[in-house]
Structures are given as structure tokens and as C-alpha cells.
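K.L.:
Sharing a structure, written as C-alpha cells. Questions coming.
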Amino acid sequence: MIEPESVEIRVMVEPKSVQIRGEPDIVTARQMVRHMAKDIGFSMTDQIKIATGVSELTRNIVRYTEGGRVDVKEIIRNERRGIEIVCVDKGQGISDVELAMKDGYTTSGGLGEGLPGTKRLMDEFEIESTVGVGTKVVCRKWL
Amino acid sequence: MQTIPIIKIEEFLIVSIQIELHDKLALQLQDDILREVKRTGAKGVLIDLTAVDIVDSFMGRLLTETALMVKILGAETVVVGIQPEVAITLVELGLDLRGVYLALNAELGIALLRRIRRRG
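The listed protein sequences derive, respectively, from chains A and B. In terms of the working numbering, the first sequence has 14 at position 14, counting the first letter as 1, and numbering is strictly consecutive. In terms of the working numbering, the second sequence has 25 at position 25, counting the first letter as 1, and numbering is strictly consecutive.
See below:
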């Protein structure tokens with residue numbers, strides 16, 4: 001019996017990281033993510049959505065914490081290609097994540113679009129925060 | 001340090017953003033626009049975003065605030081050239097650019113500024 005030929009989907013794009021220490025790193029991170037999204041094969045609209053989401057997340061790191069890091073990689077699940085963005089900071093953490101995810105909520109006088117807006121721009125969005133330890137946001141978008 | 005040129009044509013200021021704006025540069029631009037409105041007595045400011053592909057909540061807020069500040073000085077602001085992808089992203093992000101006049105391109109933007117001026 002002849003086995004059906006299986007086409008294995010492989011990761012094509014190298015993972016990358018950016019340290020977020022200050023405001024110029026926001027631009028570095030979003031440009032890097034945008035290029036990776038393009039290389040993975042995302043449409044122009046999705047590239048811009050992803051890069052804008054990263055701009056929001058990294059700005060939170062710059063504004064509220066001493067610094068952090070963004071790790072971006074190509075991912076494959078159920079033969080579907082996607083991008084995964086992990087933002088980690090060593091800030092004070094968010095005491096009420098549910099509240100921070102509400103539209104219009106902010107602690108710094110901003111308009112608070114950051115987190116809920118970014119969630120809408122991505123397909124998957126997970127946030128984990130421990131007061132005194134920091135916050136980790138994982139988001140994914142699928143092709 | 002990079003700066004974004006502000007050009008005066010008749011009674012309007014034209015600002016075309018052709019480089020990736022980081023936060024400091026965007027704030028500097030806001031300051032420069034207000035100074036130029038005051039210095040030249042311009043009646044309108046046209047901000048062209050044709051070459052800008054990332055407008056996040058910071059940048060969106062800055063545009064809204066700049067338009068309001070320009071209005072307080074007695075002039076009006078029209079933002080033109082927003083790309084379709086940027087429009088989609090802005091709406092999903094939850095930004096509505098409230099209070100900012102918008103037009104498809106620079107030509108229509110100038111026509112809009114003239115109409116606002118005649119009306120006002």
C-alpha cells in the first residue's frame with residue numbers, strides 16, 4: 001500500500017528578539033515584527049495590524065516598566081502557519097488584569113486602547129501578570 | 001536630529017510625514033506645527049500620512065490633540081492620505097480620530113480647508 005505523500009510544513013523564518021529599554025526600541029520592535037510577518041506571508045493589512053499591536057505592547061513596557069523583551073517566531077499548528085509574539089517585562093505587574101482588558105481603562109491618563117485594542121488586532125491573546133514580578137503577554141495571528 | 005519639514009503654501013501649512021515616527025519626533029512635530037501656526041498666521045494645517053503605515057493609540061491621540069490645539073490657535077487641521085490598511089487597524093484598535101477633519105488625499109484636503117475657511 002502506498003502511503004499518501006505527506007507535505008510537512010516547516011518553519012521558514014528565524015526567530016528574533018528585541019530588548020525593550022527605551023522609546024526608540026518601540027520602532028525597532030515593530031519594524032522587526034512587520035518584516036517577519038511579511039516573510040511568513042501575511043497580507044499587508046495583517047502586517048500592519050501585527051506591527052501596530054506590537055507598538056502598543058512595547059509602549060506599555062516602556063511606559064510602565066524598567067524594561068522587557070519581545071520574542072517573535074513563526075509557528076505552525078494543525079498545518080497552519082502563524083506568528084507568535086511574546087512580550088515579557090519586569091514591571092510591577094497588573095493587579096486587575098480583567099480591568100486592564102476593558103476598553104477605556106488606563107492608569108496613566110492615556111486612552112487605554114492598548115491591551116483590548118491589541119487583542120482585537122490579533123487572533124489569540126493571553127496575558128499573565130503577577131504583582132511585583134511582571135507581565136507576560138502572548139499573542140498569535142494565523143495566516 | 002531629524003525634523004519633519006513644514007511648508008507654507010498660501011494660508012496653509014503642509015506637513016508630509018515621510019519617515020517612521022518615533023514618539024519624541026512625533027511630539028516635536030506637534031510643537032513645531034503649533035509654533036508655525038503662530039509664527040505664520042496660517043489658517044489651516046494639512047497633515048499627510050500617505051507614507052505612514054503605523055498609527056497606534058499614541059499617534060492617534062497625538063493627531064486628535066494636535067487638531068484641537070491648532071483649533072485653539074484659530075486654525076483648522078485636515079489629516080489626509082490614511083492608507084486603507086491603517087484605517088482598518090485604527091478602527092479595530094478602537095481609535096476614532098474624533099474631531100479631526102479627514103480627506104482622501106492632499107488635493108481634497110486643501111479643498112476641504114478652503115471650504116471650512118469660507119464657512120468659518
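The C-beta atom is built at its ideal place from N, Cα and C for all residues, glycine as well.
With respect to the alpha helix (DSSP H) encompassing Gly114 (chain A), which residues constitute its N-terminal and C-terminal limits?
P.N.:
Where Gly114 (chain A) is concerned, the enclosing alpha helix (DSSP H) stretches over Gly114 to Leu121.
K.L.:
Using the Cβ count rule (16 or more neighbours within 10 Å means buried), how would you classify Thr171 (chain A)?
P.N.:
In the structure as shown, chain A starts at 1 and stops at 143, and residue 171 (chain A) therefore has no counterpart that could be examined.
K.L.:
Identify which residue in B:Glu20, B:Gly94, B:Arg98 and B:Glu10 has its Cα closest to the Cα of Leu49 (chain B).
P.N.:
The option with the nearest alpha carbon to Leu49 (chain B) is B:Glu20.
K.L.:
At a Cβ threshold of 7 Å, is Ile17 (chain B) touching chain A?
P.N.:
Ile17 (chain B) does not count as touching chain A.
K.L.:
Return yes when the Cβ of Val33 (chain A) is within less than 7 Å of the Cβ of Ile50 (chain A), no when it is not.
P.N.:
Closer than 7 Å, so yes.
K.L.:
So, does the CB of Ser108 (chain A) fall closer than 7 Å to a CB anywhere in chain B?
P.N.:
Caution applies to Ser108 (chain A), whose pLDDT of 47 falls short of 50 and renders its modelled position unreliable; the value that the coordinates give is listed next. Chain B, which has no Cβ nearer than 7 Å to the Cβ of Ser108 (chain A), makes this no.
K.L.:
Could you check whether the Cβ of Ile223 (chain A) sits closer than 7 Å to any Cβ belonging to chain B?
P.N.:
With chain A covering 1 to 143 only, the question about residue 223 (chain A) has no answer from this structure.
K.L.:
Going by the beta-carbon positions, is the gap between Val78 (chain B) and Leu104 (chain B) smaller than 7 Å?
P.N.:
The answer is no: Cβ separation not under 7 Å.
K.L.:
Over the uninterrupted beta strand (DSSP E) stretch that includes Ile85 (chain A), give me the two end residues.
P.N.:
Per DSSP, Ile85 (chain A) belongs to the beta strand (DSSP E) from Arg80 to Asp89.
K.L.:
Is the distance from the Cβ of Glu74 (chain A) to the Cβ of Ile48 (chain A) below 7 Å?
P.N.:
Contact: no.
K.L.:
Measuring only between beta-carbons, confirm whether Ala29 (chain A) sits less than 7 Å from chain B.
P.N.:
Not one chain B Cβ lies under 7 Å of Ala29 (chain A).
K.L.:
The beta strand (DSSP E) spanning Ala75 (chain B) covers which residue range?
P.N.:
Segment: none, Ala75 (chain B) is in no beta strand (DSSP E) and carries neither H nor E.
K.L.:
Provide the residue(s) that pair with Tyr101 (chain B) in DSSP beta bridges, ordered along the chain.
P.N.:
Paired residue(s): B:Val78.
K.L.:
Hey, could you find the ends of the beta strand (DSSP E) Gln30 (chain B) is sitting in?
P.N.:
That residue, Gln30 (chain B), is in no beta strand (DSSP E); its alpha helix (DSSP H) goes Asp23 to Thr40.
K.L.:
Could you please give the first and the last residue of the uninterrupted beta strand (DSSP E) stretch that includes Arg30 (chain A)?
P.N.:
Premise fails: Arg30 (chain A) lies in the alpha helix (DSSP H), Pro24 to Ile40, not in any beta strand (DSSP E).
K.L.:
May I ask you to report which of helix, strand or coil DSSP gives Gln83 (chain B)?
P.N.:
Residue state, collapsed to three classes: coil.
K.L.:
Name the chain B residues whose beta carbon is nearer than 8 Å to that of Leu121 (chain A)?
P.N.:
Those are Thr89, Glu92 and Leu93, listed as they occur along chain B.
K.L.:
Rounded to whole angstroms, what is the Cα-Cα separation between Ser108 (chain A) and Ile9 (chain B)?
P.N.:
With a pLDDT of 47 at Ser108 (chain A), under the threshold of 50, the modelled position of that residue is not reliable, and the figure given next carries that caveat. Taking the straight line from one Cα to the other gives about 38 Å.
K.L.:
Around the Cβ of Glu76 (chain B), are there at least 16 other Cβ atoms within 10 angstroms (buried) or fewer (exposed)?
P.N.:
Buried is the call here.
K.L.:
Using a C-beta cutoff of 7 Å, does Thr130 (chain A) count as contacting chain B?
P.N.:
Chain B contact via Cβ: absent.
K.L.:
Name, please, each residue of chain B whose Cβ falls closer than 8 Å to the Cβ of Thr45 (chain A).
P.N.:
Going along chain B in sequence order, the residues near Thr45 (chain A) (Cβ under 8 Å) are Pro84, Glu85, Ile88 and Thr89.
K.L.:
Do the CB positions of Gly68 (chain A) and Val88 (chain A) come within less than 7 Å of each other?
P.N.:
Cβ atoms of Gly68 (chain A) and Val88 (chain A): closer than 7 Å.
K.L.:
Starting from Asp46 (chain A) and walking both ways along the alpha helix (DSSP H), at which residues does that stretch end?
P.N.:
First-last of the alpha helix (DSSP H) with Asp46 (chain A): Met44 to Tyr64.
K.L.:
Do you know whose CA, among A:Asp96, A:Ala29, A:Glu98 and A:Glu79, lies nearest Ile9 (chain A)'s CA?
P.N.:
Among A:Asp96, A:Ala29, A:Glu98 and A:Glu79, the Cα nearest to that of Ile9 (chain A) is on A:Glu79.
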